[in-house]
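Structure, as structure tokens:
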Amino acid sequence: MKRLIFLLLLSLVFSCATPQEDEKKVKWQYYYDLGMSSYIAKNYSEAIANFFIASQLAPNEPKVWNALGLAYMEVQEYKKSESAFLKALEVDKRFTEAKLNLGILYYRQADYEKAISTLKEVLQDEAFPQKHMAFYYLGKVYQAIGNRREYINNLRKAVAYNPMFIDAQLELAQAYELEENYISAKDVYQSLVNNGVNDPNLDFSFARVEYKLGNYASAKNYIKKVVEDKRTAPQVRMQAYELLSQVLIAEQNKVTPTTKPQETQTSQSSQTNKEVEKDKANEPVQQTQETQTDQIHQKKGKIYKIQVGAFSSQGAAEKWKERLEKELKLKGLEVVEGSGIFRVLYGNFGTREEAKKELEKLRNMNIYGFIVYE
């Protein structure tokens, strides 16, 4: 009987303790979740406040200290950030995520020696699922100290560990491009495509590499995809049109001396500009940004014009202009130079609709171009 009473009392003690522990866990989890919401929203002040409260309620939870360290790092409170990461590792030395973030912190502080040693320790944990991040930041450290070989080597490892690590893939490809190793860069971009990545920035990168490799038809196809993709940022679309001009010039320069440059330009412009004009006609804002880079020396206020050709020499542009004036009786043509490219522009239109109507007339005469905002 006494034994039964003792067991009943013991069960009452544990039944009372469990709800208290559960209530405490609910409290710190609540503040932790609030902190994560604020952190994701980039409201770091609220994030720090909530993570700090959670850390006081659950001082033995490493992920709380890790989160607090991340929030401090975002506001450049580096000493507090380091202290929080070290506290997480003190609570649980196997919490490798905090060690990774500590290595990233040292990288941001330009303490490269500590960054290298810390990130290499992270790579010793075979059970850590984010090794690709450690390799990536280790590569960034080597880049910062000028060790390009190790920089590229670690980027390769980062993408090998996680082929869907897009930032590392793009950075590796761009590193290859800087070395003029365009074939390797293309292989990296192709790897992303093979893994189902569909992004206008990737298409633009492909276009750039194909242009460098002399694959002009392929480059134009990728440019077409970029300008027709509604996800494309205005700046990228502007760069795509600049690249298009370079591609057309490169194609023109491949023409034999017996071929008239004007006719070649017409053919190239007809094929490519016809494809991209529709998208261009719907985006006056992007056109405004494009013309900011044209660096036209004489501006009479921004108006709509139609670009009907682009050449690498002023002479070729002038000949094309004269031909249009003579054969098609077009008036209001001008040659404008910008960044070494001579563009033939036609007309002065007050609205985009006026320019679009005139563009349709030109298309009926087998002259293709696209609308610009000068």
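What the sequence shown shows, in mature numbering (1 follows the signal peptide of the UniProt record, and there is no 0), is residues -19 to -1, 1 to 355, in sequence order.
Yeah, the Cβ is synthetic: ideal placement off N, Cα and C, and Gly gets one too.
As the structure is a prediction and not an experimental result, all values here were calculated from the model.
Residue i, DSSP secondary structure in three states
{"i": "Arg344", "result": "helix"}
{"i": "Asn24", "result": "coil"}
{"i": "Glu306", "result": "helix"}
{"i": "Phe330", "result": "strand"}
{"i": "Leu15", "result": "helix"}
{"i": "Leu314", "result": "strand"}
{"i": "Ile277", "result": "With a pLDDT of 36 at Ile277, under the threshold of 50, the modelled position of that residue is not reliable, and the figure given next carries that caveat. Residue state, collapsed to three classes: coil."}
{"i": "Arg324", "result": "strand"}
{"i": "Ala231", "result": "helix"}
{"i": "Met219", "result": "helix"}
{"i": "Ile204", "result": "helix"}
{"i": "Ala30", "result": "helix"}
{"i": "Gly50", "result": "helix"}
{"i": "Ala65", "result": "helix"}
{"i": "Val56", "result": "coil"}
{"i": "Met114", "result": "helix"}
{"i": "Ile97", "result": "helix"}
{"i": "Arg129", "result": "helix"}
{"i": "Ser165", "result": "helix"}
{"i": "Pro40", "result": "coil"}
{"i": "Gly195", "result": "coil"}
{"i": "Asp210", "result": "coil"}
{"i": "Asp92", "result": "coil"}
{"i": "Asp148", "result": "helix"}
{"i": "Val174", "result": "helix"}
{"i": "Glu299", "result": "helix"}
{"i": "Phe76", "result": "coil"}
{"i": "Ala188", "result": "helix"}
{"i": "Glu244", "result": "Only weak support exists for where Glu244 lies, its pLDDT of 45 falling under 50; the value from the coordinates is given anyway. If DSSP states are grouped into helix, strand and coil, Glu244 belongs with the helices."}
{"i": "Glu339", "result": "helix"}
{"i": "Gln124", "result": "helix"}
{"i": "Leu105", "result": "First, the amino acid is wrong: residue 105 is Gln here, not Leu. If DSSP states are grouped into helix, strand and coil, Gln105 belongs with coil."}
Neighbour-count burial assignment, residue i, 16 or more Cβ in a 10 Å radius
{"i": "Leu340", "result": "buried"}
{"i": "Leu159", "result": "exposed"}
{"i": "Val(-7)", "result": "Confidence at Val(-7) is low in this model, with a pLDDT of 46, below 50, so its placement is unreliable and the value that follows should be read with caution. Burial call: exposed."}
{"i": "Ala221", "result": "buried"}
{"i": "Val208", "result": "buried"}
{"i": "Met219", "result": "buried"}
{"i": "Thr332", "result": "exposed"}
{"i": "residue 390", "result": "Limits of the chain in this structure are -19 at one end and 355 at the other, which puts residue 390 out of reach."}
{"i": "Lys338", "result": "exposed"}
{"i": "Lys312", "result": "exposed"}
{"i": "Val317", "result": "buried"}
{"i": "Arg324", "result": "buried"}
{"i": "Glu63", "result": "buried"}
{"i": "Ser18", "result": "exposed"}
{"i": "Ile164", "result": "exposed"}
Cβ-based neighbour list, residue i, same chain, cut-off 6 Å, excluding 5 preceding and 5 following
{"i": "Lys259", "result": "Note that Lys259 scores a pLDDT of 48, beneath 50, so its modelled location is shaky and nothing firm can be said."}
{"i": "Glu303", "result": "none"}
{"i": "Phe330", "result": "Tyr285, Ala336"}
{"i": "Leu83", "result": "Phe66, Thr99"}
{"i": "residue 356", "result": "Since the displayed the chain opens at -19 and closes at 355, residue 356 lies outside it and no answer follows."}
{"i": "Gln150", "result": "Val140, Val169, Leu173"}
{"i": "Asp184", "result": "Tyr203, Lys206, Val207"}
{"i": "Asn135", "result": "Phe116, Leu119, Gly120"}
Close-in-space but distant-in-sequence residues of the same chain around residue i (CB under 8 Å, 5 per side omitted)
{"i": "Met346", "result": "Leu309"}
{"i": "Arg137", "result": "Leu153"}
{"i": "Val72", "result": "Pro40, Asn41, Glu42, Pro43, Trp46"}
{"i": "Ala91", "result": "Ala125"}
{"i": "Ala231", "result": "Tyr192, Gly195, Tyr197"}
{"i": "Leu15", "result": "Glu27, Asn31"}
{"i": "Val7", "result": "none"}
{"i": "Asn176", "result": "Pro144, Met145"}
{"i": "Val103", "result": "Thr77, Lys80, Leu81, Gly84, Phe109, Lys112, Ala115"}
{"i": "Glu306", "result": "Lys312, Leu314"}
Which residues DSSP lists as bridging residue i, in chain order
{"i": "Ile352", "result": "Ile287"}
Cβ neighbours of residue i in the same chain (closer than 7 Å, five flanking residues each side left out)
{"i": "Leu224", "result": "Ala188, Arg189, Tyr192, Ile204"}
{"i": "Ile34", "result": "Tyr12"}
{"i": "Asp106", "result": "Thr77"}
{"i": "Thr213", "result": "Pro181, Val207"}
{"i": "Lys61", "result": "Tyr53"}
{"i": "Ser36", "result": "Val45, Trp46, Leu49"}
For residue j and residue i, believed in contact at Cβ under 8 Å, the rounded distance
{"i": "Gln295", "j": "Leu326", "result": "Not a contact, Cβ separation roughly 14 Å."}
{"i": "Ala22", "j": "Phe32", "result": "With a Cβ gap of about 14 Å, Ala22 and Phe32 do not count as contacting."}
{"i": "Tyr88", "j": "Val140", "result": "In fact, because the Cβ distance is near 19 Å, the residues do not count as touching under 8 Å."}
{"i": "Ala79", "j": "Gly50", "result": "7 Å"}
{"i": "Leu119", "j": "Ile147", "result": "At roughly 18 Å, the Cβ-Cβ gap does not stay under 8 Å, so Leu119 and Ile147 are not in contact."}
{"i": "Phe66", "j": "Leu86", "result": "7 Å"}
{"i": "Tyr20", "j": "Ala69", "result": "About 16 Å separates the two Cβ atoms, so there is no contact after all."}
{"i": "Ile133", "j": "Ala115", "result": "Actually they do not touch by this definition, with Cβ atoms about 16 Å apart."}
{"i": "Ala200", "j": "Val228", "result": "5 Å"}
{"i": "Val56", "j": "Tyr25", "result": "5 Å"}
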